[in-house]
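Visitor: Here it is: the structure, laid out below.
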Amino acid sequence: MSTDLPKTYDPAVIEPQAYDVWIKERAFHADPTAPGKPYSIVIPPPNVTGALHLGHAINNTLQDILTRVHRMMGDNTVWIPGIDHAGIATQAVVERTIKEQEGKDRYSLAPSREESRNELIRRIWQWKEQYGNRIVDQLKKLGCSCDWDRTRFTLDEMCARAVRETFFKLFKDGLIYRGKRLVNWDIHLQTSISDDEIYHETVKTNLWHIKYPIVDVQAGSGQQAAGSKESGLPAASRQLPAEFMVVATTRPETMLGDTAVAVHSEDPRWNWAIGKSVKLPLTGRLVPIIADDILVDPKFGTGVVKVTPAHDPNDYAVWQRHQGKPDQIDLINILNPDGTLNENAGAYKGMKRDAARKKVVEDLGELLLKEEPYETQVGHSDRSKTAVEPYLSDQWFVKMAPLAEPALEVVRNGTIKFFPERHAQQYLSWLGEKRDWPISRQLWWGHRIPVWSRMQGYSGMEEAKKYGQTLGQIHRWQNEGRSQIIEFNKTSTHSQSPNGMPIHTTTIDRLVDPKTYVCVREDDREVIAFLEANGFIQDPDVLDTWFSSALWPHSTLGWPEQTDALAKWYPTSVLLTGRDIITLWVARMVMTGMYNMGDRAGSGQQAAGSKNSGLPAASRQPPASLGIPFAHVAINPTILDGKGERMSKSKGNGVDPVEIIETHGADALRFTLTHMATETQDVRLPVKKLPNGKNTSEKFDLGRNFCNKLWNAARFVLGSLATENTEKKNQINSSVSSVNSVALSLADKWIISRFNATVKEIDDALAVYRFDQYARAVYQFFWNDFCDWYVEASKSAMKDPARATQTAQVLAAVLDGALRLLHPIIPFITETIWWRLNEVRPRRGIAGQIDCPPSPRLIKAAWPQARPIDEAAEHVFPRLQDVIS
RNA sequence: GGGCCGUUAGCUCAGUUGGCUAGAGCGCCGCCCUUACAAGGCGGAUGUCAGGGGUUCGAGUCCCUUACGGCCCACCA
């Protein structure tokens with residue numbers, strides 16, 4: 014093989030070559046039983062729905078940098094890749110495709126619903142095989158050194174086991190419950206969606222003022238006068254006829270589900286009416302007038318609020334507050350899952366939401382006081398773009414309070430640290446609300462909820478006994494280590510089954526149908542067959558995608574199995590991600606990690622966060638007993654397009670990194686992105702379209718030019734070394750210690766000192782995840798110090814026989830060191846040059862100044878040690894530079 | 001409405017605890033195809049550091065305030 018590098022730097026040629034070698038030699042593969050300090054990163058799994066854009070590229074480049082640096086440091090390093098099944102997004106995409114191509118919806122893919130369900134899932138898997146690989150290909154082109162043998166998918170067997178185990182554990186601990194709750198309902202996809210899947214849009218509508226006649230008015234008139242004395246309210250308010258209350262609403266059709274009218278208890282205009290009733294227009298139903306000082310702001314509107322608990326989150330809260338009190342109110346649902354009105358809407362049954370609204374307004378007649386134009390924010394579903402309807406339905410929830418508290422504490426006390434620090438605030442404020450997490454989705458693509466249920470009726474003890482016997486039978490199976498079931502029985506009062514096995518009981522929301530719910534721990538067909546033979550039916554819903562993502566750091570390592578990988582690499586070293594999923598993902602990983610991996614015995618008194626900040630951030634080790642998934646969370650900037658809009662698949666402005674790789678090369682892309690990885694929250698990246706329709710950007714010239722510089726400087730240095738070899742044939746393998754510090758020139762000492770200063774600078778930058786500083790430091794060192802000055806100076810030095818040998822040694826050692834420092838950012842080009850350098854000058858190094866332990870592959874070469882800088886040389890040489898320039 | 005962040009050269013961004021004439025890359029102007037590199041070299045122009053006020057011997061940097069932009073959260077019948 015020629016020792017010459019091709020004259021032209023061509024990333025399209027060298028990048029695939031280098032990657033092939035790494036793959037062939039299994040350079041990315043990690044063995045948990047190997048020695049070395051553990052270092053591990055799990056990838057934020059990209060959604061299978063989309064190709065990666067530059068936002069992913071920066072995130073993954075930075076992860077690869079850390080992975081490569083630590084691999085070079087000799088740590089036992091693993092980077093685990095994977096993909097997220099992205100429940101709602103993926104199903105929506107595939108359903109849309111089927112609709113467009115075949116005109117079918119998800120229910121009509123096969124004769125029966127169950128077959129349709131299987132068929133849809135089969136098609137989504139097909140789709141996943143096709144597109145999931147695309148993401149992996151993109152990551153490989155980027156140069157990511159993931160351990161591909163450990164590639165996970167959030168819906169694969171390994172993840173499924175972790176999901177089942179976690180669900181079971183939460184269920185058993187009473188942290189998963191079934192509740193009838195007001196959820197955000199997507200009437201198009203007919204599923205509940207979480208708050209996070211909603212965006213708000215300003216909608217022009219009307220505010221309708223409607224008169225509600227008061228029933229039982231005679232007792233009110235006198236008190237109304239009394240109230241008016243002390244109030245400074247406008248005369249108009251006082252003069253409202255006492256026969257009516259006026260409510261204002263943007264959704265008049267919900268009136269059909271009103272169950273109360275609320276006023277403020279200290280509002281003299283209306284507090285006299287508390288306890289009386291109003292007669293609802295259109296239906297004539299009587300509903301109570303109640304006091305609710307949280308809902309009603311007397312300064313807003315008319316001071317009267319209609320209460321529709323089944324169709325408004327605030328009103329639902331009113332319903333909850335008044336439960337069990339003398340003024341408790343009803344709850345009436347008027348909607349079907351598809352957004353049409355149901356039988357509770359009387360004459361309006363079957364009408365669509367918007368049609369009903371129109372009709373209701375028409376029918377109000379003279380009870381409609383006025384109609385004023387109004388703008389309001391309405392929640393819309395991310396996926397179907399339709400207005401979300403607050404809807405009352407049965408859902409599974411996770412109780413947040415007990416899980417959130419420890420997760421809050423570890424961030425408050427600094428056990429888990431954010432970089433930059435300010436991002437911790439978002440985590441703390443979101444988690445601090447401890448809102449219960451609705452985890453069921455009425456979808457087919459996802460982890461099916463492992464719960465079987467059966468109508469229980471009210472047969473009481475007899476029924477309970479029967480189930481107790483059932484449990485007894487399954488208890489036996491459990492002893493064989495296969496499976497376990499837990500009964501949740503609303504009416505059961507006993508806590509032991511006939512054979513003495515504990516039965517876990519819970520109180521279920523009074524609205525839920527009286528059912529017995531059985532959670533099956535493992536996918537054990539025998540148990541399931543037994544249940545189904547006894548009339549149990551599996552819950553049709555699947556889990557929120559984030560439920561499986563939340564387990565990612567431990568599920569990818571094999572949990573609940575106690576694998577070597579889990580023992581070695583959990584907790585992971587750092588999580589690198591964008592700030593948009595600090596709440597959705599980061600917080601939930603901390604919660605489930607602590608819940609599943611924490612040592613409960615020790616967790617109570619563990620006051621973990623020693624606040625001694627004297628230690629460098631990267632070296633602190635959190636106590637393993639806490640079970641936290643990582644000690645550091647590094648937030649990378651968000652990539653915006655030229656207009657300042659966030660790059661994303663849904664906006665259609667995402668730029669495929671592969672297109673940049675085509676014009677600039679992966680190294681150039683990586684270098685530029687690293688250079689941009691500052692502490693700011695956003696980075697703008699103007700792109701332009703090429704004639705072939707692909708994107709590129711001049712911004713990446715920075716990286717490409719730098720790679721070109723490196724390429725040519727290396728060619729020159731290699732050439733100089735080769736020349737020197739032929740002139741001193743006998744000394745090709747001369748000892749590395751043949752150059753001692755006495756013989757070094759000022760320029761030699763200076764460049765060596767600059768090198769060591771740069772090592773230190775980079776180590777410091779990496780310890781706090783300042784990737785931009787890393788890129789800047791190495792750029793400046795290589796270009797401005799090494800190329801501009803040392804290499805130039807070497808041209809004359811190499812011609813002087815007295816200085817040639819030492820100069821060659823220094824050139825080789827500094828190039829060697831620079832390649833090591835640059836490799837994590839630009840792995841392909843550095844690895845390629847390394848091979849040639851090994852051929853030309855296999856043994857390198859300046860004793861005590863730059864160590865160059867040999868390695869056939871740069872990816873496995875040792876990371877440089879920062880040696881002391883030479884103060885004198887650093888001081889004197891710049892003066893020389895000034896004189897010359 | 002609450003919170004976080006940003007506003008520095010035409011563009012994209014640095015500027016660490018307040019301290020010497022405010023920096024980089026790209027772009028621009030001029031001169032160089034000098035034997036590693038024109039994807040380069042040398043030289044050059046360009047900034048009331050968003051506006052206003054304050055603290056200080058000294059402010060891009062700290063405090064207050066205004067404006068504009070972005071993001072997160074909540075959403076008012």
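At position 114 of the first sequence (counting the first as 1) the number is 127 in the working numbering, and the numbers step up by one without a gap. From the three backbone atoms N, C-alpha and C, an ideal C-beta is built for every residue, glycine too.
1. Please go through the region 780 to 836 and give each complete alpha helix (DSSP H) segment of 4 or more residues, from N-terminal end onward.
2. Going by CA-CA distance only, name the one from Pro226, Arg366, Phe432, Tyr782 that's closest to Pro403.
3. Pick helix, strand or coil for Gly732, following the three-state DSSP scheme.
4. Spatial neighbours of Glu108 within its chain, please: CB distance less than 6 angstroms, with the 5 preceding and 5 following residues excluded, ordered by chain position.
5. Between Leu348 and Pro322, which are expected to be in contact by the criterion C-beta below 8 angstroms, what is the C-beta distance as a whole number of angstroms?
6. If you drop the 5 nearest sequence neighbours on each side, which residues of the same chain put their C-beta closer than 7 angstroms to that of Ser568?
7. For Asp407, list the residues DSSP reports as bridge partners.
8. I'd like to know whether the C-beta atoms of Ala679 and Pro24 end up nearer to each other than 8 angstroms.
9. Mapping the DSSP letters down to three states, classify Ala600 as helix, strand or coil.
10. Does Asp557 pass the burial test, meaning 16 or more other C-beta atoms within 10 Å, or should it be called exposed?
11. Going by Cα to Cα distance, which pick from Glu737, Ile652, Lys702, Glu535 is closest to Ile695?
12. Express the C-alpha separation of Tyr583 and Ser638 in angstroms, rounding to a whole number.
13. When the Cα of Trp450 is compared with those of Trp409, Glu142, Arg534, Thr389, which residue comes out closest?
14. What does a CB cutoff of less than 7 angstroms around Asn851 pick up in its chain, not counting 5 residues either side in sequence?
15. On the criterion of 16 or more Cβ atoms from any shown chain inside 10 Å, does Ser442 qualify as buried, or is it exposed?
16. Below 8 angstroms, can you find three or more Cβ-Cβ pairs linking the region 687 to 706 to the region 722 to 742?
17. Classify Ser394 as buried or exposed, calling it buried when 16 or more other Cβ atoms lie within 10 Å of its own Cβ.
18. Tell me which residues share the same chain as Val853 and place their Cβ nearer than 6 angstroms to its Cβ, disregarding the 5 neighbours each side in the sequence.
19. Comparing C-alpha positions only, which one of Trp847, Thr296, Pro867, Lys762 sits nearest to Thr272?
20. Take the Cβ of Thr399 as the centre, count every other Cβ of all protein chains shown within 10 Å, and call the residue buried at 16 or more, exposed below.
21. Return the chain-ordered list of same chain residues with a C-beta closer than 6 angstroms to the C-beta of Tyr361, the five sequence neighbours on each side being excluded.
22. How far does the beta strand (DSSP E) with Pro226 in it reach, from first residue to last?
23. Do you know how far the Cα of Val320 is from the Cα of Gln333?
24. Kindly indicate which residue of Lys707, Thr685, Met413 has the alpha-carbon position closest to the one of Phe719.
25. Less than 8 angstroms separating the beta-carbons of Ile342 and Ile302?
26. Would you decide whether His213 is buried or exposed? Buried here means 16 or more other CB atoms lie within 10 Å of its CB.
27. Excluding the 5 residues preceding and the 5 following Ile648 in the sequence, name in chain order all residues of the same chain whose CB lies nearer than 6 angstroms to its CB.
28. Quick one, are the C-beta atoms of Gly571 and Asn609 less than 8 angstroms apart?
29. By the DSSP assignment, the alpha helix (DSSP H) with Ile71 in it spans what residues?
30. Drop a sphere of 10 angstroms on the beta-carbon of Ala700, count the other beta-carbons inside from all chains shown, and report buried for 16 or more, exposed for fewer.
31. Closest to Asn284 by C-alpha separation, out of Leu293, Lys292, Val274, would be which residue?
32. Measuring CB atoms only, is the region 141 to 155 touching the region 58 to 74, in the sense that at least three cross pairs come out at less than 8 angstroms?
33. Just the Cα atoms here: how many angstroms apart are Thr315 and Leu381?
34. In this structure, what does DSSP give as the bridge partners for Val696?
35. Assign Leu579 to one of two classes, buried (16 or more other C-beta atoms within 10 Å of its C-beta) or exposed (fewer than that).
36. When you compare the CB positions of Val533 and Leu183, do they come within less than 8 angstroms of one another, or not?
Guide: So, from the listed chains and residues:
1. Taken in chain order, the whole alpha helix (DSSP H) runs of length 4 or more contained in the region 780 to 836 are 784 to 792, 805 to 810, 814 to 835.
2. Counting from one through the first sequence, the residue named residue 403 turns up at place 390. Nearest C-alpha to Pro403: Arg366.
3. The residue given as residue 732 occupies position 719 in the first sequence. DSSP places Gly732 in helix when its eight states are reduced to three.
4. Residue 108 sits at position 95 when you count from the first residue of the first sequence. Correct list, in chain order: Arg119.
5. For the purposes of this step, residue 348 is taken as the residue at position 335 of the first sequence. For the purposes of this step, residue 322 is taken as the residue at position 309 of the first sequence. 13 angstroms between Cβ atoms; not a contact.
6. Here residue 568 refers to the residue found at position 555 when the first sequence is read from its first residue. Correct list, in chain order: Met171, Cys172, Ala175.
7. In the first sequence, residue 407 corresponds to position 394, counting from 1. According to DSSP, Asp407 bridges with Lys193.
8. Stepping through the first sequence from its first residue, residue 679 is reached at position 666. Stepping through the first sequence from its first residue, residue 24 is reached at position 11. Their beta carbons are under 8 angstroms apart, which means Ala679 touches Pro24 by this criterion.
9. Within the first sequence, numbered from 1, the residue matching residue 600 stands at position 587. Reduced to three states, the DSSP call for Ala600 is helix.
10. Taking the first residue of the first sequence as 1, we reach residue 557 at position 544. The C-beta of Asp557 has 16 or more other C-beta atoms within 10 Å across all chains shown, which makes the residue buried.
11. On the first sequence, position 682 is the one that residue 695 refers to. Inspection of the sequence shows that residue 695 is occupied by Asp rather than by Ile. The shortest Cα separation from Asp695 among Glu737, Ile652, Lys702, Glu535 belongs to Ile652.
12. Indexing the first sequence from 1 puts residue 638 at position 625. Indexing the first sequence from 1 puts residue 583 at position 570. Approximately 11 angstroms between the Cα atoms of the pair.
13. Locating residue 450 in the first sequence gives position 437, where the first residue counts as 1. When each option's Cα is compared against that of Trp450, the closest is Trp409.
14. Position 838 of the first sequence, counted from the start, is the residue given in the question as residue 851. Only Pro869 meet the Cβ criterion.
15. In the first sequence, the residue the question calls residue 442 occupies position 429. Counting other Cβ atoms within 10 Å of its Cβ, Ser442 stays below 16 and is therefore classed as exposed.
16. Judged by pairs of C-beta atoms under 8 angstroms, the region 687 to 706 does not touch the region 722 to 742, as fewer than three such pairs exist.
17. Sequence index remark: in the first sequence, residue 394 carries index 381 (1-based). Buried: at least 16 other Cβ atoms inside 10 Å.
18. Your numbering for residue 853 matches position 840 in the first sequence. Once the five neighbours on either side are set aside, the close Cβ partners of Val853 are Thr16, Leu731, Leu734, Ala735.
19. Translated into the one-based positions of the first sequence, residue 272 becomes position 259. Measuring from the Cα of Thr272, the nearest candidate turns out to be Thr296.
20. For the purposes of this step, residue 399 is identified with residue 386 of the first sequence, where counting begins at 1. Exposed.
21. The residue labelled residue 361 in the question sits at position 348 within the first sequence. Correct list, in chain order: Leu354, Ala369.
22. Locating residue 226 in the first sequence gives position 213, counting from the first residue. First-last of the beta strand (DSSP E) with Pro226: 211 to 228.
23. In the first sequence, residue 333 corresponds to position 320, counting from 1. In the first sequence, residue 320 corresponds to position 307, counting from 1. Cα to Cα, Gln333 sits roughly 12 angstroms from Val320.
24. The sequence position of residue 719 within the first sequence is 706, counting from 1. Of the listed residues, the one whose Cα sits closest to Phe719 is Thr685.
25. As a position in the first sequence, residue 342 is number 329, starting the count at 1. As a position in the first sequence, residue 302 is number 289, starting the count at 1. For the pair Ile342 and Ile302, the CB atoms are not nearer than the 8 angstroms cut-off.
26. Walking along the first sequence from the start, residue 213 turns up at place 200. Of the other Cβ atoms in all chains shown, fewer than 16 fall within 10 Å of the Cβ of His213; this residue is therefore exposed.
27. For the purposes of this step, residue 648 is identified with residue 635 of the first sequence, where counting begins at 1. Within the same chain, Ile648 has close Cβ partners His436, Arg592.
28. Sequence index remark: in the first sequence, residue 571 carries index 558 (1-based). Sequence index remark: in the first sequence, residue 609 carries index 596 (1-based). Not a contact, by the Cβ cut-off of 8 angstroms.
29. By 1-based counting over the first sequence, the position of residue 71 is 58. For Ile71, the enclosing alpha helix (DSSP H) covers residues 67 to 85.
30. Here the question's residue 700 lines up with position 687 in the first sequence. Reading off the sequence, residue 700 comes out as Val, not Ala. So Val700 ends up on the buried side.
31. Along the first sequence, read from residue 1 onward, the residue named residue 284 stands at position 271. Comparing Cα-Cα distances from Asn284 to each of Leu293, Lys292, Val274, the minimum goes to Val274.
32. Yes, they touch.
33. Looking up residue 315 in the first sequence gives position 302. Looking up residue 381 in the first sequence gives position 368. One C-alpha to the other measures close to 14 angstroms.
34. In the first sequence, residue 696 corresponds to position 683, counting from 1. The partner list for Val696 (beta bridge, DSSP) reads Ile652.
35. For this step, residue 579 is matched to residue 566 along the first sequence. So Leu579 counts as buried.
36. Locating residue 533 in the first sequence gives position 520, counting from the first residue. Locating residue 183 in the first sequence gives position 170, counting from the first residue. Cβ distance not < 8 angstroms, so Val533 and Leu183 don't count as in contact.
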